[in-house]
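*Asks:* Protein sequences, first through last, are from chains S and H.
Using UniProt numbering, read the first sequence as starting at 1 and increasing by one per residue.
Using UniProt numbering, read the second sequence as starting at 1 and increasing by one per residue.
Got a structure for you, questions after.
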Amino acid sequence: MILYLLRRLAVFVLSTAVAGVLVFAFMAVLPGDPAEVALGVNATPEAVAALREQFGTDRPAITQFFDWFGGLVTGDFGTSYVTSSPIGPQIGDRLGVTAVLVLGGMLIALIIAVPAGTFAAVHHRNPLGAVISAFSQVGIAVPAFLAGILLVFVFAVQAQVLPSGGYVPIADDPVEWLRGLLLPWLSLGLVQGAVLTRYVRSAVLDVMREDYLRTARAKGRGRMGALWRHGLRNASIPVITVLGLQLATLLIGAVVVERVFVIPGLGDLLLNGVAGRDLLLVQCVVMVLVVAVLLINLLVDLAYAALDPRLRGAR
Amino acid sequence: MRGRINAGLVIGGVLVGLVVLLALLSFGWTPRDPVLVDAAAKLHEPGGGYLLGADKFGRDTFSQLMVGARTTLYVGVVAVGIAAIIGTPLGIIAGMTSGRLGWLSELIMRVNDLVFAFPALLLAIMLGAVYGAGTLTAMIAIGVATVPAFARVSRAATMQVMVTDYVLAARAAGRRRTAVALRHVLPNISSVLIVQASVSFAIAILAEAALSFLGFGTRPPIPSWGRMLQESQELLFSTPRLALWPGLAIALAVLGFNLLGDGLRDYLDPKLRRIRAER
Chain S
1 MILYLLRRLA VFVLSTAVAG VLVFAFMAVL PGDPAEVALG VNATPEAVAA LREQFGTDRP
61 AITQFFDWFG GLVTGDFGTS YVTSSPIGPQ IGDRLGVTAV LVLGGMLIAL IIAVPAGTFA
121 AVHHRNPLGA VISAFSQVGI AVPAFLAGIL LVFVFAVQAQ VLPSGGYVPI ADDPVEWLRG
181 LLLPWLSLGL VQGAVLTRYV RSAVLDVMRE DYLRTARAKG RGRMGALWRH GLRNASIPVI
241 TVLGLQLATL LIGAVVVERV FVIPGLGDLL LNGVAGRDLL LVQCVVMVLV VAVLLINLLV
301 DLAYAALDPR LRGAR
Chain H
1 MRGRINAGLV IGGVLVGLVV LLALLSFGWT PRDPVLVDAA AKLHEPGGGY LLGADKFGRD
61 TFSQLMVGAR TTLYVGVVAV GIAAIIGTPL GIIAGMTSGR LGWLSELIMR VNDLVFAFPA
121 LLLAIMLGAV YGAGTLTAMI AIGVATVPAF ARVSRAATMQ VMVTDYVLAA RAAGRRRTAV
181 ALRHVLPNIS SVLIVQASVS FAIAILAEAA LSFLGFGTRP PIPSWGRMLQ ESQELLFSTP
241 RLALWPGLAI ALAVLGFNLL GDGLRDYLDP KLRRIRAER
């Protein structure tokens, strides 16, 4: 187990490093010198050179890379070339907002998918189960931002019970905070819930065909009782893989949903950075998102090993 | 062995066919000029020559939807093409190499995992930041991000084919690796690839819509469903139908490709049902 853990951690560290090289190289090929861009066309060569030195862009690329990457590891993201403000605190603030958005969406997806998927599996031979499957197929076809627009139409335009957008920090007003997040959570959660329902259904169906479940039924346990005692742990393994993939999807989906609901999260920061040509900021936000995806993959693999000891030796 | 024609296949085929038909038709004919700005027709109600009404610039919604279908298919075809052309050979190589060449397989799959950490949207935003956003950057980003799906699925299918008797016979007869790959593996995993292409197409449509919505996809004035949605958002309180039609178009197109993919899987090769297309 320890060996597996170490190996998996090593893969994570290596992937993060390579991803860092890729992101850095990608942004480094960019034509244009940040110092020249910042000072405009009328700048004297001396001023440009001085600013270049201040930015550190006069140094060799390899030094710049280690400086940037080392900074990321220690939490120092550097200072924006455009706004001259430190990037770290901005990302920190936004990361919290996006995390709340994503986790809330995931929670709603689970609340929908686990009962609906189990129900559809248990009733897979009757029309009710088929109806759930059909709903989930339709849900998959609706992107989160479209769901968001539909929800705004229903709850903000028609019923006028929830705001159509905006974000109030929880410290200012917890009730408004919750009201503002309900629709974004639902937009992410409903769609992911539909996707997840299919996987829960097929995982539960697979487990229901297993011998040990038949044995449990033969011992006199009811259908749900047997599933609860013997089925859920086994059914959860494939579901957790999908959950991990979905967390990554949700994170990216949040970028778009933040735009729909005007929420100041990481996606908003990223898009503002692109609009303002603030490339160091873009580079850092992209890296944070990629590391988040890699971290999610790591956690999925570890959860695997915890749930199914047989998998520890594999890979 | 072929499965039976199923409901998903028919419904998916009809929906996809409809999108293709609209797109093809738009090359020769649209009810009105889809990009013509006409102040007199501003927010024209449906009817009177405007089947689904007009937007705030007086552009005919239905004509825009037709040309938008073309944009959607164009991005989908190129993106899935990129993914298939890069991903399939990589997957086949990874699936065929083992033992002494096992490191190659391992390397391909590790790089694959890494690319997987760069979702299409993120890649497109990066590409857009560096080279300027547009249809081309969107297609490339979606294509590259879809490579891992093709590589994984073709690797899994190749591994199944590699242990069949006909491949063993071909190898025993001294056929070279490339010949085995081209003459035995590729034809036998083609049905899995077709299914994957259909499912990936659906994802490409979603990605293109999201990118256009964010302003990182097709540039104006070329109509695209995602941007129609984005433009409609500010008018949601007064003219919700402007959001309804492109939204419906996106959802139906994605539903169509997903159903078609699932239906094809059951129809083409029931034996390979175990290999699920990657979403």
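Quick reminder that beta carbons are idealized off the backbone N, C-alpha and C, glycines included.
#1: So what's glycine 132 of chain H in DSSP terms, helix, strand or just coil?
#2: So, is glutamine 160 of chain S buried or exposed, given that buried needs 16 or more other C-beta atoms within 10 angstroms?
#3: Give, in chain order, every unbroken run of the alpha helix (DSSP H) that is at least 4 residues long and sits entirely within the stretch 100-128 of chain H.
#4: Which chain H residues sit within Cβ distance under 9 Å of valine 15 of chain S?
#5: Going along chain H, which residues have a C-beta under 9 Å from residue 357 of chain S?
#6: Figure out for me which residue from H:Leu214, H:Val77, H:Ser238 has the closest Cα to the Cα of glutamine 230 of chain H.
#7: On the criterion of 16 or more Cβ atoms from any shown chain inside 10 Å, does tryptophan 245 of chain H qualify as buried, or is it exposed?
#8: Kindly list, in the order they appear in chain S, the residues whose Cβ is closer than 9 Å to that of glutamine 196 of chain H.
#9: Do you know whose CA, among S:Ala306, S:Ala303, S:Leu299, S:Val285, lies nearest methionine 27 of chain S's CA?
#10: Note the first and the last residue of the continuous alpha helix (DSSP H) segment covering valine 192 of chain H.
#11: Assign leucine 9 of chain S to one of two classes, buried (16 or more other C-beta atoms within 10 Å of its C-beta) or exposed (fewer than that).
#12: Rounded to a whole number of angstroms, what is the C-alpha to C-alpha distance between valine 77 of chain H and phenylalanine 201 of chain H?
#13: Give the secondary structure of glycine 76 of chain H by DSSP, where H, G and I count as helix, E and B as strand, and everything else as coil.
#14: Alpha carbon to alpha carbon, what distance is there between proline 264 of chain S and glutamate 176 of chain S?
#15: Are tryptophan 228 of chain S and glycine 104 of chain S close, meaning C-beta to C-beta below 8 Å?
#16: Should alanine 314 of chain S be labelled buried (16 or more other beta-carbon atoms within 10 Å of its own) or exposed?
#17: CA-CA distance, alanine 149 of chain H and arginine 52 of chain S?
#18: Methionine 109 of chain H to leucine 242 of chain H, Cα distance in whole Å?
#19: Taking Cβ positions only, does alanine 314 of chain S come closer than 8 Å to chain H?
#20: Count the CB pairs spanning the stretch 49-60 of chain H and the stretch 104-123 of chain H that are closer than 8 Å, and state whether there are at least three.
#21: Excluding sequence positions up to five away, which residues of its chain have a Cβ less than 7 Å from the Cβ of histidine 123 of chain S?
#22: Quick one: what's tyrosine 50 of chain H bridged to in DSSP?
#23: Can you tell which of H:Ala141, H:Ala79, H:Pro221, H:Thr30 has its C-alpha closest to the C-alpha of leucine 52 of chain H?
#24: Please list, in chain order, the chain S residues whose beta carbon lies closer than 8 Å to that of methionine 126 of chain H.
#25: For valine 300 of chain S and isoleucine 240 of chain S, what's the separation of their Cα atoms in angstroms?
#26: Return the residues of the stretch 134-163 of chain H that lie within a Cβ-Cβ distance of less than 7 Å from chain S, sorted by chain order.
#27: Look at serine 154 of chain H and isoleucine 92 of chain H and say whether their C-beta atoms are less than 8 Å apart.
#28: So, do the stretch 92-104 of chain H and the stretch 222-237 of chain H have three or more beta carbon pairs nearer to each other than 8 Å?
#29: Determine the direct distance from the alpha carbon of proline 115 of chain S to that of glutamine 158 of chain S, and round the result to whole angstroms.
#30: Proline 240 of chain H to serine 187 of chain S, Cα distance in whole Å?
#31: Do alanine 83 of chain H and glycine 143 of chain H have their CB atoms nearer than 8 Å?
#32: Identify whether threonine 215 of chain S lies in helix, strand or coil by the three-state DSSP scheme.
#33: Ordered along the chain, which non-local residues of its own chain (more than five positions away) have a Cβ less than 6 Å from that of valine 67 of chain H?
#34: Can you find a C-beta in chain H that's less than 8 Å from the C-beta of leucine 299 of chain S?
#35: Should valine 199 of chain H be counted as a contact of the ligand GDP given a C-beta to heavy atom distance under 7 Å?
#36: Out of S:Val256, S:Arg277, S:Ser133, which has the shortest C-alpha to C-alpha gap to serine 80 of chain S?
*Replies:* According to the data block:
#1: If you number the second sequence from 1, residue 132 of chain H lands on position 132. Of the three classes helix, strand and coil, the one that applies to glycine 132 of chain H here is coil, per DSSP.
#2: By 1-based counting over the first sequence, the position of residue 160 of chain S is 160. So glutamine 160 of chain S ends up on the exposed side.
#3: If one requires a minimum length of 4 residues, the alpha helix (DSSP H) runs lying completely within the stretch 100-128 of chain H are 102-116, in chain order.
#4: Taking the first sequence and counting its residues from 1, the one referred to as residue 15 of chain S is at position 15. Note that residue 15 of chain S is serine in the sequence shown, not valine. Ordered by position in chain H, the residues that pass the 9 Å Cβ test against serine 15 of chain S are Arg110, Asp113, Leu114, Ala117.
#5: Outside the displayed span of chain S (1 to 315) sits residue 357 of chain S, for which this structure offers no information.
#6: Taking the second sequence and counting its residues from 1, one reaches residue 230 of chain H at position 230. Selected option, being the one with the closest Cα: H:Leu214.
#7: In the second sequence, counting from the first residue as 1, residue 245 of chain H sits at position 245. Under this definition tryptophan 245 of chain H is a buried residue.
#8: Counting from 1 along the second sequence, the entry for residue 196 of chain H is found at position 196. Simply none; closest approach about 16 Å.
#9: As a position in the first sequence, residue 27 of chain S is number 27, starting the count at 1. If we check each option's Cα against that of methionine 27 of chain S, S:Val285 comes out closest.
#10: For the purposes of this step, residue 192 of chain H is taken as the residue at position 192 of the second sequence. Element bounds for valine 192 of chain H: 186-214.
#11: As a first step, residue 9 of chain S must be located in the first sequence, where it is residue number 9. Residue burial is scored here from C-beta neighbours: leucine 9 of chain S has fewer than 16 other C-beta atoms within 10 angstroms and is therefore classed as exposed.
#12: Start at 1 with the first residue of the second sequence, and residue 77 of chain H comes out as number 77. Start at 1 with the first residue of the second sequence, and residue 201 of chain H comes out as number 201. Rounded to the nearest angstrom, the gap between the Cα atoms of valine 77 of chain H and phenylalanine 201 of chain H is 7 Å.
#13: Reading the second sequence from its first residue, position 76 is the one you call residue 76 of chain H. Note: glycine 76 of chain H maps to helix in three-state DSSP.
#14: In the first sequence, residue 176 of chain S corresponds to position 176, counting from 1. In the first sequence, residue 264 of chain S corresponds to position 264, counting from 1. Going from the Cα of glutamate 176 of chain S to the Cα of proline 264 of chain S covers about 15 Å.
#15: On the first sequence, residue 228 of chain S is found 228 positions in, with the first residue counted as 1. On the first sequence, residue 104 of chain S is found 104 positions in, with the first residue counted as 1. For tryptophan 228 of chain S and glycine 104 of chain S, no; Cβs fall outside 8 Å.
#16: By 1-based counting over the first sequence, the position of residue 314 of chain S is 314. With a pLDDT of only 48 at alanine 314 of chain S, under 50, the local geometry of the prediction cannot be trusted, and no value is derived from it.
#17: Along the second sequence, one-based indexing puts residue 149 of chain H at 149. Along the first sequence, one-based indexing puts residue 52 of chain S at 52. Looking at the two C-alpha atoms, the distance is approximately 42 Å.
#18: As a working mapping, residue 109 of chain H is identified with position 109 in the second sequence. As a working mapping, residue 242 of chain H is identified with position 242 in the second sequence. Put simply, the backbone Cα of methionine 109 of chain H is about 44 Å away from that of leucine 242 of chain H.
#19: Counting from one through the first sequence, the residue named residue 314 of chain S turns up at place 314. Because alanine 314 of chain S carries a pLDDT of 48, less than 50, the predicted location of this residue cannot be relied on, and no value is offered for it.
#20: Verdict: no, contact absent.
#21: Counting from one through the first sequence, the residue named residue 123 of chain S turns up at place 123. Around histidine 123 of chain S: Gly129.
#22: Locating residue 50 of chain H in the second sequence gives position 50, counting from the first residue. For tyrosine 50 of chain H, which the question treats as bridged, DSSP gives the partners H:Gly47.
#23: Translated into positions along the second sequence, residue 52 of chain H becomes position 52. A check of alpha carbon separations from leucine 52 of chain H across H:Ala141, H:Ala79, H:Pro221, H:Thr30 identifies H:Thr30 as the nearest.
#24: Taking the second sequence and counting its residues from 1, one reaches residue 126 of chain H at position 126. Counting only Cβ-Cβ distances below 8 Å, methionine 126 of chain H has contacts in chain S at Val23, Phe26, Met27, Val282, Val286, in chain order.
#25: Residue mapping note: residue 300 of chain S aligns to position 300 of the first sequence, counting from 1. Residue mapping note: residue 240 of chain S aligns to position 240 of the first sequence, counting from 1. Approximately 7 Å between the Cα atoms of the pair.
#26: Of all residues in the stretch 134-163 of chain H, none has a Cβ within less than 7 Å of some Cβ in chain S.
#27: Numbered from its first residue, the second sequence carries residue 154 of chain H at position 154. Numbered from its first residue, the second sequence carries residue 92 of chain H at position 92. Yes, the Cβ-Cβ distance between serine 154 of chain H and isoleucine 92 of chain H is below 8 Å.
#28: The stretch 92-104 of chain H is not in contact with the stretch 222-237 of chain H.
#29: Locating residue 158 of chain S in the first sequence gives position 158, where the first residue counts as 1. Locating residue 115 of chain S in the first sequence gives position 115, where the first residue counts as 1. Rounded to whole angstroms, the gap between the alpha carbons of glutamine 158 of chain S and proline 115 of chain S is 30 Å.
#30: Counted from its first residue, the second sequence places residue 240 of chain H at position 240. Counted from its first residue, the first sequence places residue 187 of chain S at position 187. Straight-line Cα distance between these residues: approximately 18 Å.
#31: For the purposes of this step, residue 83 of chain H is taken as the residue at position 83 of the second sequence. For the purposes of this step, residue 143 of chain H is taken as the residue at position 143 of the second sequence. In this structure, the beta-carbon distance from alanine 83 of chain H to glycine 143 of chain H falls below 8 Å.
#32: Translated into the one-based positions of the first sequence, residue 215 of chain S becomes position 215. Under the three-state reduction of DSSP, threonine 215 of chain S is assigned to helix.
#33: The residue given as residue 67 of chain H occupies position 67 in the second sequence. Around valine 67 of chain H: Ser26, Pro34, Pro223.
#34: Taking the first residue of the first sequence as position 1, residue 299 of chain S is located at position 299. Closer than 8 Å: no.
#35: Annotation note on the ligand GDP: not contained in the displayed structure, which lists no ligands.
#36: As a first step, residue 80 of chain S must be located in the first sequence, where it is residue number 80. For serine 80 of chain S, the nearest C-alpha among the options comes from S:Arg277.
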